């Protein structure tokens, strides 16, 4: 494992967001949803493709807090311009489980 310095870590803007909508993304190569995530007044609403279809239904995601990287450049994913990276972990079966705060925190709060 490579080590990084504190300055390197501080370059990554990991923020809490609230999922506003989750829609199927049939044009994605792997099963995914298009998420609209509210990262608070400073950052606003961002779109992301999330490969979380194995563990979550769209209606379960709406209202949920997630952790996202908000300072990556936008990336074209099929017809979608992804504006953030919603984070997660692969479980034992290779499915993505979302990285989430265990308490209610305001959208836009930075992970430190």
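In our numbering, the protein residues as written are 268 to 379.
C-beta: ideal position from N, C-alpha, C; glycine also.
The model shown is predicted, which means the values in this text are computed figures rather than measured ones.
With 16 or more neighbouring CB atoms inside 10 Å of its own CB, residue 285 falls in the buried class.
If you draw a straight line from the Cα of residue 321 to the Cα of residue 295, it comes to about 14 Å.
In the three-state scheme derived from DSSP, where H, G and I count as helix and E and B as strand, residue 274 is classed as helix.
Comparing C-alpha distances from residue 304 to each of 269, 334 and 318 shows the shortest one belongs to 334.
Where residue 327 is concerned, the enclosing alpha helix (DSSP H) starts and stops at 325-328. Across the structure, residue 325 and residue 293 are spaced so that their CA atoms are roughly 13 Å apart.
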